[in-house]
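Participant:
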Amino acid sequence: WITVGAIRSTGLSAASGIGDYVASLYEAIKRGEPVSGLAYESDLLGVSDAVESPIPLQFEVKPLPTVPTLRALASDFQTHNDGCVEIYGKRMKVTHPISYFGMSSFR
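Heads up: the sequence shown begins at 380 in the working numbering, then just goes up one per residue.
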């Protein structure tokens, strides 16, 4: 069971990166490799304690490429007519009904 929390996203913009990152962490743990930056429930501070002494990041945060605009995503969706959009070089299927409708009807 993997819980990924504190994510503020509509899903489509970050789902690819989040999924790749979590999968790579899972694979590393499965191979028995040490993984820094993970929090286990027994290690977590209470909210008040965490505010008073935040844990510094133990890894470099690399910026992701720019996310395409909604207009570009809708154009890609409509041009290819395959129910997908391209984000970060990958074709991603649009499965949410409202997103699908929006991509289909965006002008």
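We put the CB at the ideal spot given by N, CA and C, even for glycine.
Exposed or buried, L452, counting other C-beta atoms within 10 Å across all chains shown (16 or more means buried)?
Facilitator: Mapped onto the sequence shown, residue 452 falls at position 73. The residue in question, L452, is buried, as its Cβ has 16 or more Cβ neighbours within 10 Å.
Participant: Quick one: what's got a C-beta closer than 8 angstroms to M471's C-beta in the same chain, skipping five residues either side?
Facilitator: Here residue 471 refers to the residue found at position 92 of the sequence shown. Closer than 8 angstroms at the Cβ level, and outside the excluded window around M471, lie L391, A394, S395, C463, V464 and E465.
Participant: With a CB to CB cut of under 8 angstroms and the five nearest residues on each side skipped, what residues in its chain are close to E400?
Facilitator: For the purposes of this step, residue 400 is taken as the residue at position 21 of the sequence shown. In the sequence as displayed, the identity of residue 400 is Tyr instead of Glu. Nothing meets the Cβ criterion.
Participant: Closest to D461 by CA distance: which of M482, V446, L449 and T448 is it?
Facilitator: As a working note, residue 461 is residue 82 in the sequence shown. When only C-alpha atoms are compared, the closest one is M482.
Participant: R470 lies in the beta strand (DSSP E); which residues open and close that run?
Facilitator: Translated into the one-based positions of the sequence shown, residue 470 becomes position 91. R470 -> beta strand (DSSP E) spans K469 to K472.
Participant: Flag this pair as yes or no: are the beta carbons of V473 and Y479 separated by less than 7 angstroms?
Facilitator: For the purposes of this step, residue 473 is identified with residue 94 of the sequence shown, where counting begins at 1. For the purposes of this step, residue 479 is identified with residue 100 of the sequence shown, where counting begins at 1. Yes; because the gap between Cβ atoms is below 7 angstroms, this pair is in contact.
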